[in-house]
Each structure stands twice: as C-alpha cells, then as structure tokens.
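K.L.:
As you go down the protein sequences, you meet chains A and B in turn. Throughout, our numbering is defined as the position within the first sequence, counted from one, plus 12. Throughout, our numbering is defined as the position within the second sequence, counted from one, plus 198.
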Amino acid sequence: MKMILTGNEAMARGAYEAGVHFAAAYPGTPSTEILENIAHYKDAIYAEWAPNEKVAMEAAIGASIAGGRALASMKHVGVNVAADPLFTFSYLGVNGGMVLITADEPGMHSSQNEQDNRNYARFAKIPMFEPANSQEAKDMLKQAFDLSEAYDTPVLYRVTTRVCHSKGIVMCEEPKEVPIKKYVKNNEKNSPVPMYSRLMRIRVEERLNKLAEWSENTALNYIVKNGSKIGVIASGGSFVFAEEVFGDQVDYLKLGFTYPLPLKMMADFAKGKDKIYVIEENDPLLEDAMKQMGIEVVGKSCFPYTGEMTPDVIRKSVYGKTLETIHIETEKAVPRPPTLCAGCPHRGFFYALGKRKNTMISGDIGCYGLAFAKPFSAMDLSVCMGASMSIGHGAQKIFNKASEASMRVVSVLGDSTFLHTGINSLMNVAYNQSNTINVILDNRITGMTGHQENPGTGFTLQGEPTKEADIEALVRALGIDKIVKIDPNDLNAVEAALDWAYDQHEPCVIITRYPCVLKTFSEADKAEFKGAFQSKCSIDEAACRGCRLCIKVGCPALSFDNNLKKAKIDATQCVGCEVCKQVCPFDAIDKEVKHD
Amino acid sequence: MTKSILLVGVGGQGTILASKILTVGLMKAGFDIKMSEIHGMSQRGGSVSSHVRYGDRVHSPVIEEGGADILVAFEKMEGLRWMTHLKPSGKAIINDYQIDSMPILTGDFSYPKNVVQMIGEAVDTTVVDAAAQAELLGNSKVMNIILLGALVKRMELENIDWHQIIKENVKPKFYALNLKAFEVGIGMVCV
Numbered sequence: 013m014k015m016i017l018t019g020n021e022a023m024a025r026g027a028y029e030a031g032v033h034f035a036a037a038y039p040g041t042p043s044t045e046i047l048e049n050i051a052h053y054k055d056a057i058y059a060e061w062a063p064n065e066k067v068a069m070e071a072a073i074g075a076s077i078a079g080g081r082a083l084a085s086m087k088h089v090g091v092n093v094a095a096d097p098l099f100t101f102s103y104l105g106v107n108g109g110m111v112l113i114t115a116d117e118p119g120m121h122s123s124q125n126e127q128d129n130r131n132y133a134r135f136a137k138i139p140m141f142e143p144a145n146s147q148e149a150k151d152m153l154k155q156a157f158d159l160s161e162a163y164d165t166p167v168l169y170r171v172t173t174r175v176c177h178s179k180g181i182v183m184c185e186e187p188k189e190v191p192i193k194k195y196v197k198n199n200e201k202n203s204p205v206p207m208y209s210r211l212m213r214i215r216v217e218e219r220l221n222k223l224a225e226w227s228e229n230t231a232l233n234y235i236v237k238n239g240s241k242i243g244v245i246a247s248g249g250s251f252v253f254a255e256e257v258f259g260d261q262v263d264y265l266k267l268g269f270t271y272p273l274p275l276k277m278m279a280d281f282a283k284g285k286d287k288i289y290v291i292e293e294n295d296p297l298l299e300d301a302m303k304q305m306g307i308e309v310v311g312k313s314c315f316p317y318t319g320e321m322t323p324d325v326i327r328k329s330v331y332g333k334t335l336e337t338i339h340i341e342t343e344k345a346v347p348r349p350p351t352l353c354a355g356c357p358h359r360g361f362f363y364a365l366g367k368r369k370n371t372m373i374s375g376d377i378g379c380y381g382l383a384f385a386k387p388f389s390a391m392d393l394s395v396c397m398g399a400s401m402s403i404g405h406g407a408q409k410i411f412n413k414a415s416e417a418s419m420r421v422v423s424v425l426g427d428s429t430f431l432h433t434g435i436n437s438l439m440n441v442a443y444n445q446s447n448t449i450n451v452i453l454d455n456r457i458t459g460m461t462g463h464q465e466n467p468g469t470g471f472t473l474q475g476e477p478t479k480e481a482d483i484e485a486l487v488r489a490l491g492i493d494k495i496v497k498i499d500p501n502d503l504n505a506v507e508a509a510l511d512w513a514y515d516q517h518e519p520c521v522i523i524t525r526y527p528c529v530l531k532t533f534s535e536a537d538k539a540e541f542k543g544a545f546q547s548k549c550s551i552d553e554a555a556c557r558g559c560r561l562c563i564k565v566g567c568p569a570l571s572f573d574n575n576l577k578k579a580k581i582d583a584t585q586c587v588g589c590e591v592c593k594q595v596c597p598f599d600a601i602d603k604e605v606k607h608d
Numbered sequence: 199m200t201k202s203i204l205l206v207g208v209g210g211q212g213t214i215l216a217s218k219i220l221t222v223g224l225m226k227a228g229f230d231i232k233m234s235e236i237h238g239m240s241q242r243g244g245s246v247s248s249h250v251r252y253g254d255r256v257h258s259p260v261i262e263e264g265g266a267d268i269l270v271a272f273e274k275m276e277g278l279r280w281m282t283h284l285k286p287s288g289k290a291i292i293n294d295y296q297i298d299s300m301p302i303l304t305g306d307f308s309y310p311k312n313v314v315q316m317i318g319e320a321v322d323t324t325v326v327d328a329a330a331q332a333e334l335l336g337n338s339k340v341m342n343i344i345l346l347g348a349l350v351k352r353m354e355l356e357n358i359d360w361h362q363i364i365k366e367n368v369k370p371k372f373y374a375l376n377l378k379a380f381e382v383g384i385g386m387v388c389v
C-alpha cells in the first residue's frame, strides 16, 4: 500500500508494523505527531502522554522489562530530562525491544537550542539509527526493535525536523504479530546495585564491540558508486541534501546506522579518493571518526557548525555561491514573528503584567514565551521546561540579599509546563520560602505543540476520560496557601490579583483559568466556559478617537487605519475576548453575540 | 526533472491543506513527491511555507534559494519575503491580500508599498484576488482552495482528478464549497 506520510506518521506506522505494544511521550516539536499518530492504532498499541520525558522513558522501560515492545519519543531537549533513566537502562538492557526516538532541531525552528543528540548514543553506549526520509523512518524502526532484542539494548533513533515534518511516498506493509515476552524476575539483570552493575558495565562494552561488527555488515550503511574520485559521507537528513547538490557526480557513503560507526567501511571508502566531504549537521562526529583514523576529510572547515545542511548551505560552502535567483528587495518585507492568537487567554494577563515596574519576569517554554515581544515586553528570560519558578526563586533570593528588596520576581508558566517539572520548582519556592509571585496560566491544554491532553485536562491521549489533576490542590499540598484564581480576560481581576501578590511577603500563586482559543471544547469546557469565543467585538467609529490604546493589547485582529485615524477589528479573527474593549477609554468597542 | 512549488503565507491561512491536496494529486499522477513544512511556533500568526517537489525521483524535501519553479503567495508581503527562492525563470502567483504583521500593527513598521508591482516587474506574475472571490462564495476560509485551483491551472495539471482528491481531504459538509472554490481558482488563470 502506497501512502504519503510525514516522517512522524511513518514512524508511527513503523511502530505499528513492528508490533509495538506500548508507546509514551511528552509532546515537543518536531516529535509530537509521532505519538499522536501511534494513538490511532488503538487496537494494537497502548499509547499515552506522560507528564514529562523522564516519566515517558521510565514507563517505556517498565513496559520493556515486563516483556512488551516499547517506544518513547521526545524532542532533543526532552532527552536531557530523560537522560537519567536512559543511561542506566543501557546497563540493564531490555526484555521486549525498546526504542527512544529523539527528534533534533538543527536550525531551531521551534526550539531553544540545537544540541546534537547523536552524542547521546556514545554517551549512553547504545546503538543509533538515523533514517533520511519517510520510507526509512518507517522501515528502520522495525529493524531497530529487532536489534534491540537481539543485542539486549535500548536503541536511540535519531531524526531531525526535516525528516519528521517532510512528506514522501511510503510503501506500507502489514503489521507483525509480536507476542509479549515472558517476564522473569532477574536481579542480576535489572537491579544495578554495584555488585551487579560492575558486571553490567563489562557487558555494555562487549555489546558495543558486537554492535560495531554489526555496523560493518548492515545494509543500512552502503556505498553508492558513480566512478568519482570525490566522496561524500553523510547520514540522516543530510544525505538527501547532499544528493540534491551532487547528484551522480560523486561517490557516497550513506550511513543509516551511526553508532557504533562502521570504521572499516569508512576507511575503505576513502581509499583512492582525491577528496572526501563529510556533511553532517551540528557536531563533527563522522568527521572526527575519520580524522582519528588519520584520514583527511573536508568537514567543519568548509561547512558550518550551526543550522541545517540544506542544499543552499552545501552549495555555498563547496562552490562559494547559491543558485542564481531573481533580484528584488526582499528586505522590504517586514518581519512576521509569531504572535499570541486573537482571543488568547494569555493576552490580558501579559498586558497588565508588562506595565509593572521593578519586576523581573521569569518565563518558561510555551506560547506565553511570545510575551517577551512588543507590545507586551513582559518576559525577561526563559531557559527550559518548568524552570521559571526555580530560576525566579534563585533570582529573588539574590535581589533580597543585594538590598534590592524592591525588585520582585514574577515566575510564569502554563498548566502543562507546571505539571511537567514546574511542580518541583514550586516545591522549592515553598520549601525554601522565597517571596516570588508564581503564576500558572492554565489554558486547559498543551497549546504550543498543537493541543495535546495533559494530566490537568481530564482526557488521555487515546481519548478516554480520566482523573483530572487539581492544580490548586497541588499548590496547596506543596505548602502554599496564598492562592488566587482568576479569569485572565478580566483586566480588573488581573490587576487586583497582581496588586495582592505584590503585597505578599511569602510565596504566592496566581492561577488563571481560561481555555486556549484553538482548543476543541469538551462537554466540561462547554459547561464551564459558556459562550466563550462565541461573539465578536467591533469598533464604533463615531466614538473611536484614534488614541491607539487598544492596539497595545497586541491582538492580530486589531489594526489601525492611518487614513481614517480609527482602530478596526478584523471580524474573521475576533472571538470577542473583550480585552481591547476594557482598555478603550471612550467606550468605542461594542460586543455582538453570534446567533447561529 | 524535478519541479519545485513553494506555497507561502501566514499561519492559519491553510497553506498546509492546499499543499497536502497538491501532493496527493501529484502522487496519483505517478510522480515521486517530497514535501516539507514547519510546524510549531511559527504557526501562531507567523510566516509559513510549504515546499512541494515532484519528479521521477526527488531527493531534498526542501526548496533552496533560486530553486522554485512556482511561488504561490497566499499573502503578498510573504510573496516578497520568499521571492528569492524563485529561479530567474520562475513564475509567481500572488494573492493580492494584505495581513499586517505585529510590528506593523504596533506602528513600528509600515506595510511595504507596491508589493504586487515590485514582484510583477521582477518575474512572470499572475495576480489573483482570492479574498474577494472567497467572500463571493460566502466563506473567507476557502481562499486556500481558490489559490490551489489557480496553481493547478498555471502548472497545467488540470487532468488529475482533483475533485475526488478534494473530496477525500475536506469534511463532507465543506466539499461542495471547496469544489466551487477550486473551479473559481482554475477560472482565474489564463495560460
């Protein structure tokens, strides 16, 4: 059966065909759709969102040890969170096969860094696959599970944005029936106390030697001969970019299995070549391997360390110029950064917060990260998931010590980010008592990655109703009793909550609760947020005096007509949140309720 | 010979659906296809692009600068932004439609003047007013399918059974509307 699939859809199909029993993930671009698509194979695969990547990894480890084929997927930075269980599970090895998919982001399309997770394979001493396109993304996953079981090891399956989010034609096959293996209690294998882990440690090195042999012989690593004296070595997505540029003018060593590397094969490929280009994104792992063997190659001296190795980058590096194009003043195009949507429940809160003086706003990972930009300018920093409250805590301690007692820290994160790792950070705030103002923006969903359920939403990945984590009760249980809950679209309530919070001398928490404008409402949402997003605002042109105050709420539905000197509202975008209506000093914004 | 079509616009304009339908059609016509799009953060009202490539065998899913045969701009300033992705012999289809970005809305920048004219002077350009046509059809959201129709006509690929493919890729209640939109788009281009 021929289908057009993204790499993520293809990996989901591969998991199905490989007979995977259990899959877990925390959403993160560009990995999110892997689990979303696995979830569709409901009859075959049990799939779940975990609160964070470490938990996803651990749940998959449990499933593997119990005898099932298990998969965990996450974005590159998620593997940092999951690294603790990963490194020791490498020692234990598997029962049912276990594959960890890491979706890396060279070019940082939607990420805070571009760490090269190929390094994790070497660091954790586990084998690594690198598919180059959708077909390989599906097929190689099946081989990864077989290898995992044959060599008693978790497998790192490394993809990048262009593999995840590119589509290609994929030949699909029927799924394989894989029975769940028998579980046998075995402390020597599964309890890494020193007396056992020293033995495991030796087995890990022996395993790597065997895998190095496998790497030399697998068809995943192959040479394409075009009779050229110039050779190109590439793996993963970089390979198709290289093919695009060089066509059949060079010989290729295409690597699909990249840890341990097929060193003999790489050295043989180099024999008789005048020049060898190593094309890889980010770190020079293949290049260093060649150089350690004393083989001269052209790598990072020619190609950049940063960003993607797209054809234009390769062309510019090798030939000094990109393809010829047309000449036009593209710089006249004004930047179009992403913005908070019309109706976003974060708008009202950041509109108010951005005006506070003597404040450091400690941010986090989510749509609300966009509040750093104009017109809000309501964020000082962000680092990683769940960090806002702990970073804010540390900062507040120093401000207090440095007799900048007037400086206040407001730490902001979303519901999913709070439940991810923010809860630990807030535990520290409560335990070590900082007078930070902690804000949980509960928009009832994981927003930025495209609306995934989380422990606070009341539904599972596969659509089953479930227990809903009570954020307020969690906060209280951590030891904080200064809590207010507000509707973030009510600017008076936001201002009052901030006034109250700035007056506190102990940890306090503001919880905003209003759904993401793009969320598909559950029955509970419909009951709780009756009439939400069912209306539109419009400008009363006679009353509008052109003061532009409403423009400052940063709504993409609002613009200013420079000819008429009046504000205007795009009716196709407006959903009637009324934030602009509340800032208008001339009562020039009306609200109409839709009747359909 | 690989052909490259770049669809650009603003997050929320439906470039992804249009390019999805396009790739299915091209596959059914027997081509190898690759497509690339960026999800995540840029979708929140940011600049978006879908890269579609087809031919006997396609390697890269990404269209590089100077690599596109056709550029379809769902919004005209986005057309200008991505224009250098066109080959010198490339063709542009520009939707004469303006969406102000946040730096323009906040008054820090002005929307560039004479965008359509600038593009028209640089390359072989077809200008369409898909917004007005979508309004006539009673739903501004079908602008993407109108532009898909215009693109299909410009590429001379009308022989593929697009009606069936549209049927398979939109909700049943929007099928008739999208079909009308597609035909309007076809009718907007003379080859």
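The C-beta atom is built at its ideal place from N, Cα and C for all residues, glycine as well.
Looking at the C-beta of A:F545, does it have a partner C-beta in chain B at a distance below 8 Å?
P.N.:
no
K.L.:
Contact between the segment 82–92 of chain A and the segment 102–119 of chain A is defined here as three or more beta-carbon pairs at a separation below 8 Å; is this criterion met?
P.N.:
yes
K.L.:
Do you know how far the Cα of B:M386 is from the Cα of B:T147?
P.N.:
In the structure displayed, chain B extends from 199 to 389; residue 147 of chain B sits before or after that span and is not available.
K.L.:
List the residues of chain A whose Cβ lies closer than 8 Å to the Cβ of B:I236, in chain order.
P.N.:
By Cβ distance, chain A contributes H121, S122, T173 and H177.
K.L.:
Once you ignore the five residues that flank A:L431 on each side, which residues in its own chain have a CB closer than 7 Å to its CB?
P.N.:
P63, N466, P467, G468 and A481
K.L.:
Report buried or exposed for A:C314, applying the criterion of at least 16 other Cβ atoms within 10 angstroms of its Cβ.
P.N.:
Under this definition A:C314 is an exposed residue.
K.L.:
Residues in its own chain within less than 7 Å of A:S250 by CB, not counting five upstream and five downstream?
P.N.:
I291, E292, E293 and M321
K.L.:
Can you say whether B:N357 is buried or exposed, counting buried as having 16 or more other CB atoms within 10 angstroms of its CB?
P.N.:
exposed
K.L.:
Measure from the C-beta of A:G611 to each C-beta in chain B and report whether the shortest distance is under 8 Å.
P.N.:
Given a span of 13 to 608 for chain A in the structure shown, any question on residue 611 of chain A remains unanswerable.
K.L.:
Please state whether DSSP places B:P286 in a helix, a strand or coil.
P.N.:
strand
K.L.:
How would you call B:P286, buried or exposed, if buried means at least 16 neighbouring beta carbons within 10 angstroms?
P.N.:
exposed
K.L.:
Starting from A:K603, follow its DSSP beta bridges and name the residues at the other end.
P.N.:
A:C549
K.L.:
Per DSSP, what are the beta-bridge partners of A:G426 in this structure?
P.N.:
A:L453
K.L.:
Beta carbon of A:D427, beta carbon of A:I373: below 8 Å?
P.N.:
No.
K.L.:
In the DSSP assignment, the alpha helix (DSSP H) including A:V496 goes from what residue to what residue?
P.N.:
For A:V496, there is no enclosing alpha helix (DSSP H); the residue is found in the beta strand (DSSP E) stretching over I495 to I498.
K.L.:
Could you name the residues that DSSP lists as bridge partners for A:T172?
P.N.:
Residue pairing from DSSP places A:T172 in a beta bridge opposite A:D116.
K.L.:
Using Cβ-Cβ distances below 8 Å, what residues of the segment 339–359 of chain A are close to chain B?
P.N.:
Correct list: H339, I340, E341, T342, K344, A345, V346, P347, R348, P349, P350, T351, L352 and C353.
K.L.:
Put B:E235 into one of helix, strand or coil per three-state DSSP.
P.N.:
strand
K.L.:
Would you report the Cα separation of A:K201 and B:V208, rounded to the nearest angstrom?
P.N.:
54 Å
K.L.:
Across which residues does DSSP place A:Y289 in a beta bridge pair?
P.N.:
A:Y289 is bridged to A:V244 and A:V310.
K.L.:
Do the segment 227–237 of chain B and the segment 342–355 of chain A make contact, defined as three or more Cβ pairs closer than 8 Å?
P.N.:
Output reads no: the segment 342–355 of chain A does not touch the segment 227–237 of chain B.
K.L.:
Name the two residues that bound the continuous beta strand (DSSP E) containing A:C520.
P.N.:
C520 to R525
K.L.:
Considering Cα atoms alone, identify which of A:L17, A:L265 and A:A136 is closest to A:E217.
P.N.:
A:A136
K.L.:
Starting from the beta carbon of A:P527, find every residue of chain B whose beta carbon is closer than 7 Å, and list them in chain order.
P.N.:
What A:P527 touches in chain B, judged by beta-carbon distance under 7 Å, is nothing: the nearest beta carbon there is about 16 Å away.
K.L.:
Give me the Cα-Cα distance between A:N49 and B:G210, rounded to the nearest whole angstrom.
P.N.:
If I take the Cα positions, the gap works out to 22 Å.
K.L.:
Taking B:Y309 as the reference, which of B:E381, B:I344, B:A320 and B:Y295 has the closest Cα?
P.N.:
In this structure, B:Y295 is the residue among B:E381, B:I344, B:A320 and B:Y295 with its C-alpha nearest to the C-alpha of B:Y309.
K.L.:
First and last residue of the alpha helix (DSSP H) that includes A:Y234?
P.N.:
Unbroken run through A:Y234 is the beta strand (DSSP E), N233 to V236; no alpha helix (DSSP H).
K.L.:
Whose C-beta lies closer than 7 Å to the C-beta of A:N603 among residues of the same chain, with five residues either side of it excluded?
P.N.:
Reading off the sequence shown, one finds Lys at residue 603 of chain A, where the question assumed Asn. Same-chain partners within the cutoff: S547, C549, G588, E590 and K593.
K.L.:
Among the candidates A:L490, A:C353 and A:E255, whose CA atom is the shortest distance from the CA of A:A569?
P.N.:
A:C353
K.L.:
Which value, in whole angstroms, describes the spacing of the CA atoms of A:G462 and B:S247?
P.N.:
18 Å
K.L.:
So, helix, strand or coil for A:P477, using DSSP?
P.N.:
strand
K.L.:
Assuming A:I523 and A:I452 are in contact, meaning their beta carbons sit under 8 Å apart, how far apart are those beta carbons, in whole angstroms?
P.N.:
About 5 Å separates the beta carbons of A:I523 and A:I452, which is inside the 8 Å limit, making them a contact pair.
K.L.:
Among the candidates A:N233, A:C559 and A:T41, whose CA atom is the shortest distance from the CA of A:A600?
P.N.:
A:C559
K.L.:
Taking only beta-carbon positions, decide if A:D608 is within less than 8 Å of chain B.
P.N.:
With a pLDDT of only 48 at A:D608, under the threshold of 50, the placement of this residue in the model should not be trusted, and no figure is reported.
K.L.:
Quick one: using the 10 Å Cβ neighbour count with 16 as the cut-off for buried, is B:P370 buried or exposed?
P.N.:
exposed
K.L.:
Please look up how many angstroms separate the CB atoms of A:R348 and B:G336, rounded, as I've assumed it's under 8 Å.
P.N.:
About 28 Å separates the two Cβ atoms, so there is no contact after all.
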